[in-house]
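Everything below concerns the one structure shown next.
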Amino acid sequence: MKKKSNPKSWNLSTKLVRGGTLRSNFGETSEAIFLNSGFCYDSAETAESRFNGQAPGYVYSRYLNPTLDMLERRLALVEKAERCCVVASGMAAVFASIMCNIRPGDHLIANKVLFGSCYYIITEILPRFGVEITLVEGGDLNAWAKAFKKNTTHVFVESPANPTLALVDIAAVAKLCKKHKAMFIVDNIFASPLLQQPLELGADVVVYSTTKHIDGQGRTLGGAVLGTEKFISETLLPFHRHTGPALSPFNAWVILKGLETLDLRMERHCDNAEQVAAFLEKHPKIARVYYPGLRSHPQYALAKKQMKRGGNMIAFEVKGGKKGAFAFMNKLSVIDISNNLGDAKSLITHPASSTHSNIAEKQRKSLGITDGLLRLSVGLEDIADLLGDIKKAL
Ligand SMILES: Cc1ncc(COP(=O)(O)O)c(C=O)c1O
11 MKKKSNPKSW
21 NLSTKLVRGG
31 TLRSNFGETS
41 EAIFLNSGFC
51 YDSAETAESR
61 FNGQAPGYVY
71 SRYLNPTLDM
81 LERRLALVEK
91 AERCCVVASG
101 MAAVFASIMC
111 NIRPGDHLIA
121 NKVLFGSCYY
131 IITEILPRFG
141 VEITLVEGGD
151 LNAWAKAFKK
161 NTTHVFVESP
171 ANPTLALVDI
181 AAVAKLCKKH
191 KAMFIVDNIF
201 ASPLLQQPLE
211 LGADVVVYST
221 TKHIDGQGRT
231 LGGAVLGTEK
241 FISETLLPFH
251 RHTGPALSPF
261 NAWVILKGLE
271 TLDLRMERHC
281 DNAEQVAAFL
291 EKHPKIARVY
301 YPGLRSHPQY
311 ALAKKQMKRG
321 GNMIAFEVKG
331 GKKGAFAFMN
341 KLSVIDISNN
351 LGDAKSLITH
361 PASSTHSNIA
371 EKQRKSLGIT
381 DGLLRLSVGL
391 EDIADLLGDI
401 KKAL
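Using the numbering used here, read the sequence shown as starting at 11 and increasing by one per residue.
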């Protein structure tokens, strides 16, 4: 038997390719897909000891299964988290990470600019269960400091936020959370684990939609919650096991394969996005560009401090409001109109009429989600084709 080195000592690319692999007795090279719902036991005593946690092993794929286990181990290594729990979608991750722990009478603070479904959970669902909510201007540290109350138990942040790419100083908010003993959850979906590591910046919990860059090729839905062993095993897993937002093993396998190329893809995503953002900024038909990698981004210094690169997401305003934005989208011939993101294919959406259409117009406008705002997820195509497509459409 070959002696194995400690996966925690591996560099990032090695973790992405090999982390968490569990080989069956057949010695397969690629990870196996275990498409089974249940497991059989040698004896009634074995079943009992697996259920009461005294013996290792799987009991049911709603809880865990070897393919899901490999993905959880790999993601935990990449994120340098003690433990990971994978779930069926990014929204299942967001919902479970908050709901597993929050109680009536608790107070949650979040940044104002949020993905439409995160906004819905926080402003519509949580208040129904007696949770108090405060939304703050994400970039205003005084507003964060003032928002904490005696009953603040949770802080939820999206940074960069969907769709305006507004940032929150994760390390500074983490300090406030520690002081007030609040659980700090960061939705790190726009940055991906390669460009920003919230746990290292002081967050308690990180959530992902693996649907985005981690799969990266538009094939599966999936999500993940990462945190301490104690939080995942004692608080999240009981909620997960009994409410059932389980990830399909097939999706877990696709996502494992996606991780193997994530670092290579993120480099190209960022290279392409930097060039697209610079091009848009100079174009006379563009009113404004929001990209954390541009010097003109109001939080450029913060982006430099907490992100490795600017990412692949760009928001921009085409002159002419909704009419101008729609005319531009309709003229694109390489870039697709789609509300997904983090895909190999470049995708564009009009947040006010799609991903953020559930937010009342007045509120949406106050968040900077104007009628002319577009959100572009820059893909992996040849940059000349992308710039040519945008130029022609403008
Ligand atoms: C910031 C953010 N959080 C959560 C999600 C939800 O992910 P999923 O679509 O996998 O449920 C999205 C999806 O776009 C998102 O942009």
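The beta-carbon is built from N, C-alpha and C at its ideal position, and this holds for glycine as well.
When you compare each of 146, 114 and 84 to residue 377 by their alpha carbons, which one comes out closest?
When the alpha-carbon of residue 377 is set against those of 146, 114 and 84, the nearest one is in 146.
How many whole angstroms separate the CB atoms of residue 389 and residue 354, which I take to be in contact at a CB cut-off of 8 Å?
That belief holds up - the Cβ atoms of residue 389 and residue 354 are roughly 5 Å apart, short of 8 Å.
Considering only heavy atoms of ligand 1, does any lie closer than 7 Å to the CB of residue 163?
Not under cutoff, so the answer is no.
Once the 5 residues before and after residue 118 are set aside, which same chain residues still bring their CB inside 8 Å of it?
For residue 118, where only same-chain residues beyond five positions count, the Cβ hits under 8 Å are 108, 112, 132, 136, 141, 142, 143, 144, 162, 163, 164, 165 and 166.
Check whether the Cβ of residue 197 sits closer than 7 Å to any heavy atom of ligand 1, and report yes or no.
With a cut-off of 7 Å, the C-beta of residue 197 is classified as near ligand 1, since at least one heavy atom of the ligand falls inside that distance.
Does the count of Cβ pairs from the stretch 395-404 and the stretch 282-295 closer than 8 Å reach three?
At 8 Å Cβ cutoff, the stretches touch.
In the DSSP assignment, find the unbroken beta strand (DSSP E) run with residue 117 in it and report its ends.
From DSSP, the beta strand (DSSP E) with residue 117 extends over 117-121.
Suppose you measure from the CA of residue 312 to the CA of residue 75; what does that come to, to the nearest Å?
Taking the straight line from one Cα to the other gives about 40 Å.
May I ask you to check if the CB of residue 125 is nearer than 7 Å to at least one heavy atom of ligand 1?
Correct: residue 125 has its Cβ closer than 7 Å to ligand 1.
Three or more C-beta pairs below 8 Å linking the stretch 236-246 and the stretch 209-228:
A contact between stretches requires three or more CB pairs, one per stretch, nearer than 8 Å, and the stretch 236-246 meets this requirement with the stretch 209-228.
Assuming contact is defined by CB atoms lying nearer than 8 Å, are residue 170 and residue 323 in contact in what I supplied?
If you check the CB distance, residue 170 and residue 323 come in under 8 Å.
Would a C-beta distance cut-off of 8 Å place residue 268 and residue 287 closer than the cut-off?
Not closer than 8 Å, so no.
Determine the burial state of residue 114: buried for a count of at least 16 other Cβ atoms within 10 Å of its Cβ, exposed for fewer.
Residue 114 should be labelled exposed.
For residue 101, the residue or residues it bridges with in DSSP:
Within the DSSP bridge table, the entry for residue 101 names no partner.
If you drop the 5 nearest sequence neighbours on each side, which residues of the same chain put their C-beta closer than 6 Å to that of residue 63?
Contacts found: none.
Measure the beta-carbon distance from residue 157 to residue 184 and round it to whole angstroms, keeping in mind my assumption that it falls under 8 Å.
Incorrect: roughly 15 Å between the Cβ atoms, too far for contact.
Assess, as a yes-or-no matter, whether the stretch 23-34 is touched by the stretch 67-82 under the definition of 3 or more beta carbon pairs within less than 8 Å.
With the rule of 3 Cβ pairs closer than 8 Å, the stretch 67-82 counts as touching the stretch 23-34.
CA-CA distance, residue 316 and residue 34?
Roughly 40 Å between the two C-alpha positions.
Does the Cβ of residue 317 lie closer than 7 Å to at least one heavy atom of ligand 1?
When distances are taken from the beta-carbon of residue 317 to the heavy atoms of ligand 1, even the shortest one reaches 7 Å or more.
Taking 8 Å as the cut-off, decide whether the C-beta atoms of residue 309 and residue 177 are in contact.
Yes, Cβ-Cβ distance for residue 309 and residue 177 is below 8 Å.
Can you tell me the Cα-Cα spacing of residue 208 and residue 294, whole angstroms?
Each residue's alpha carbon lies about 37 Å from the other.
Among 47, 46 and 61, which residue has its Cα nearest to the Cα of residue 53?
Comparing alpha carbon positions, the residue from 47, 46 and 61 closest to residue 53 is 61.
Could you pull out every residue in the same chain whose Cβ sits closer than 6 Å to the Cβ of residue 290, ignoring the five residues on either side in sequence?
If we look at residue 290 and ignore the five residues flanking it on each side, its Cβ neighbours are 296, 299 and 326.
How should residue 38 be labelled, buried or exposed, when 16 other C-beta atoms within 10 angstroms of its C-beta is the threshold for buried?
By the neighbour-count rule (16 or more Cβ atoms within 10 Å), residue 38 is not buried but exposed.
Taking the alpha helix (DSSP H) that residue 286 falls in, what are its first and last residues?
Where residue 286 is concerned, the enclosing alpha helix (DSSP H) stretches over 272-292.
So the beta strand (DSSP E) residue 324 belongs to, where does it begin and stop?
Boundaries of the beta strand (DSSP E) harbouring residue 324: 323-328, taken from the DSSP string.
Could you check the C-alpha separation between residue 128 and residue 366 for me, to the nearest Å?
Pairing residue 128 with residue 366, the inter-Cα distance amounts to about 10 Å.
Helix, strand or coil at residue 171 [DSSP, three-state]:
Three-state result, residue 171: coil.
Tell me the start and end of each unbroken beta strand (DSSP E) in the stretch 311-364 that is at least 3 residues and wholly inside, in chain order.
Segments of the beta strand (DSSP E) lying fully in the stretch 311-364: 323-328 and 357-359.
Taking C-beta to C-beta, are residue 368 and residue 130 nearer than 8 Å?
Their beta carbons are under 8 Å apart, which means residue 368 touches residue 130 by this criterion.
Any heavy atom of ligand 1 closer than 7 Å to the CB of residue 109?
False, no ligand heavy atom lies under 7 Å from that Cβ.
What is the rounded straight-line gap between the Cα of residue 232 and the Cα of residue 221?
Rounded to whole angstroms, residue 232 to residue 221 spans 5 Å at the Cα level.
If you follow the alpha helix (DSSP H) that residue 61 is in, where does it begin and where does it stop?
Bounds of the alpha helix (DSSP H) holding residue 61 are 54-61.
Reduced DSSP category for residue 234 - H, G, I as helix; E, B as strand; rest coil
Residue 234: strand per DSSP, three-state reduction.
Looking at C-alpha atoms only, which residue of 247, 71 and 160 is the closest neighbour of residue 192?
Here the closest residue by C-alpha is 160.
Just mark residue 174 as buried or exposed, buried being the case when its beta carbon has 16 or more other beta carbons within 10 Å.
Flag for residue 174 reads buried.
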